[in-house]
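Here is the structure we will look at.
In mature numbering (1 follows the signal peptide of the UniProt record, and there is no 0), the protein residues as written are -24 to -1, 1 to 247.
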């Protein structure tokens, strides 16, 4: 067995030994039921706190540059859409009702958006302006991003990273409490927060996001028009959003197959 395989195997063993199986969300009408494995020494609260600090730093930098938009019509649109989606989040995860949700708009040509652990939502104006997004298309993006937070995909990625990093540094890193363990935590945080999501995680976010939007009264068909716009926008240099959110014909096909499951929820919400 070569060194890379040995590290991977040891990382997997360490990960499983220090992990617990969890259900972060209920399955919903779309049926997302996959069991997840989270590193037992990395709690939800710790990850949420880490990300909140990073989020506030980004907001501070944007504010100092005059790029934090709190008053425009788009900023108000985002808040209304977010409020409707956030109200539906407890359907999948009851404890999300107690999260300290935030939504902010950054004035930038960047085509990007995200929702970090603990419900910290960030939108960039370029995404809205350049793609001329409707409210329902904004809801499709925001629902997708909120789904990542509800499913704790960031913490899941960090848990996997812990296994790999502990394997690299040796089993003693599990028990270390000094500088080595601090360096390990920093490495894992950076690794887990910046890596693109897997195709499986992307599919989960697509499906849960689709249902969140439908429950909030936004036409789920907007997810199809959104991803068609995204695909067109990526014909040249792929936008940042697409670099971490791979699009494909199979993604659109999966969304189309799921729309009949959530359409009754949308119709009920519109009454």
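Glycine included, each C-beta is placed from N, C-alpha and C at the ideal position. Keep in mind the model is a prediction, meaning the values are calculated, not measured.
Counterpart residues of residue i in DSSP-defined beta bridges
i	result
residue -4	13
residue 79	97
residue 45	81
Beta carbon of residue i nearer than 8 Å to that of residue j
i	j	result
residue 186	residue 6	yes
residue 18	residue 134	yes
residue 124	residue 198	no
residue 122	residue 188	yes
residue 131	residue 20	yes
residue 245	residue 209	no
residue 45	residue 81	yes
residue 126	residue 72	yes
residue 89	residue 100	yes
residue 87	residue 103	yes
residue 241	residue 190	yes
residue 4	residue 67	yes
Any non-hydrogen atom of the ligand GDP closer than 7 Å to residue i Cβ
i	result
residue 42	Only the bare structure without any ligand can be found here, which leaves the ligand GDP out of the picture.
N-terminal and C-terminal residue of the alpha helix (DSSP H) that residue i is part of
i	result
residue 113	111 to 126
residue 6	Taken as a continuous stretch (DSSP letters only), residue 6 belongs to no alpha helix (DSSP H), as it is neither H nor E.
residue 179	175 to 191
residue 89	Segment 89 to 92 is the beta strand (DSSP E) holding residue 89; no alpha helix (DSSP H) there.
residue 236	225 to 245
residue 64	Element bounds for residue 64: n/a, residue is neither H nor E.
Buried versus exposed call for residue i [16 or more other C-beta atoms within 10 Å across all chains shown]
i	result
residue 69	buried
residue 238	buried
residue 12	buried
residue 195	buried
residue 9	exposed
residue 16	exposed
residue 128	buried
residue 56	exposed
residue 113	buried
residue 64	buried
residue 233	exposed
residue 227	buried
residue 176	exposed
residue 178	buried
residue 24	buried
residue 137	buried
Would you call the segment 30 to 45 in contact with the segment 56 to 73, where contact means no fewer than 3 C-beta pairs closer than 8 Å? no
Indicate whether the contact test is met: 3 or more Cβ pairs, each with one atom in the segment 15 to 28 and one in the segment 89 to 96, closer than 8 Å. yes
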